[in-house]
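Peer 1: Residue numbers (this note's numbering): 1244 to 1348.
Quick reminder that beta carbons are idealized off the backbone N, C-alpha and C, glycines included.
Since the model is a prediction, treat every value here as computed from it, not as a measurement.
Input: one structure, supplied below.
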Amino acid sequence: MKKTAQIQNLDHLIIKTVRLDTWLYRTRLVKTRTAATAIIISGKIRITRNGVTKRIKKPSTPINSGDQVSFIHFNRLIQVEMVASPKRRVSAVEAKSLYIDHESS
1244 MKKTAQIQNL DHLIIKTVRL DTWLYRTRLV KTRTAATAII ISGKIRITRN GVTKRIKKPS
1304 TPINSGDQVS FIHFNRLIQV EMVASPKRRV SAVEAKSLYI DHESS
C-alpha cells in the first residue's frame, strides 16, 4: 500500500499543526512525551523549514507537514520529514506512514 493510501485511511485522525513534543510521542519516535520534552530542552532537535535549519529548545514549538526533524536518540541519528500528525498516539504501523525516514546512519 502506498503512503498516500495509508494516510487517506487515517484522515479522521490527522491534524495539520501540532506541538513538536506531542508529534514525537504520537508518531512513536520517542517512548514518552516526557522523553520528547527532555530531548527538545537539551537542544538536540533541529527543524528544517523552507531550507532554514533551526535548533529548537521549546517543546511547544509548532511543526507542520513538510518540516524536517533531526535529532540524536540513543546514539542514533534520526532524520524524518513530517507528512501528517495524528490526533492521538497510533500503532507503530500507522505511525510509519506519518513521516518519511531520511535516516543517514
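Quick one, are the C-beta atoms of Asp1344 and Met1325 less than 7 Å apart?
Peer 2: By 1-based counting over the sequence shown, the position of residue 1344 is 101. By 1-based counting over the sequence shown, the position of residue 1325 is 82. Going by C-beta atoms, Asp1344 is not nearer than 7 Å to Met1325.
Peer 1: Would you call the region 1269 to 1287 and the region 1326 to 1340 in contact, with 3 or more CB pairs under 8 Å?
Peer 2: Yes, the region 1269 to 1287 touches the region 1326 to 1340.
Peer 1: Using the C-alpha atoms, what's the distance from Arg1319 back to Asn1307?
Peer 2: In the sequence shown, counting from the first residue as 1, residue 1307 sits at position 64. In the sequence shown, counting from the first residue as 1, residue 1319 sits at position 76. Roughly 24 Å separates the two Cα atoms.
Peer 1: In whole angstroms, what is the alpha-carbon distance linking Lys1300 and Ile1284?
Peer 2: Here residue 1300 corresponds to residue number 57 of the sequence shown, with the count starting at 1. Here residue 1284 corresponds to residue number 41 of the sequence shown, with the count starting at 1. Distance between the alpha carbons of Lys1300 and Ile1284 is about 5 Å.
Peer 1: Thinking just about the alpha-carbon of each residue, which of Ile1258, Phe1314 and Arg1276 is nearest to the one in Thr1265?
Peer 2: As a first step, residue 1265 must be located in the sequence shown, where it is residue number 22. The shortest C-alpha separation from Thr1265 is found at Arg1276.
Peer 1: Quick one: residues in its chain with C-beta nearer than 6 Å to the C-beta of Val1273, no 5 flanking neighbours on either side, listed in chain order?
Peer 2: As a first step, residue 1273 must be located in the sequence shown, where it is residue number 30. Excluding positions up to five away in sequence, the list reads Leu1267 and Ala1279.
Peer 1: Where Lys1287 and Leu1263 are concerned, what is the direct C-alpha to C-alpha distance, given to the nearest angstrom?
Peer 2: Indexing the sequence shown from 1 puts residue 1287 at position 44. Indexing the sequence shown from 1 puts residue 1263 at position 20. So the two alpha carbons sit approximately 13 Å from each other.
Peer 1: Which residue wins for smallest C-alpha separation from Ile1258, given the options Thr1291, Pro1305, Val1323 and Ala1281?
Peer 2: Translated into the one-based positions of the sequence shown, residue 1258 becomes position 15. The candidate whose alpha carbon is nearest that of Ile1258 is Pro1305.
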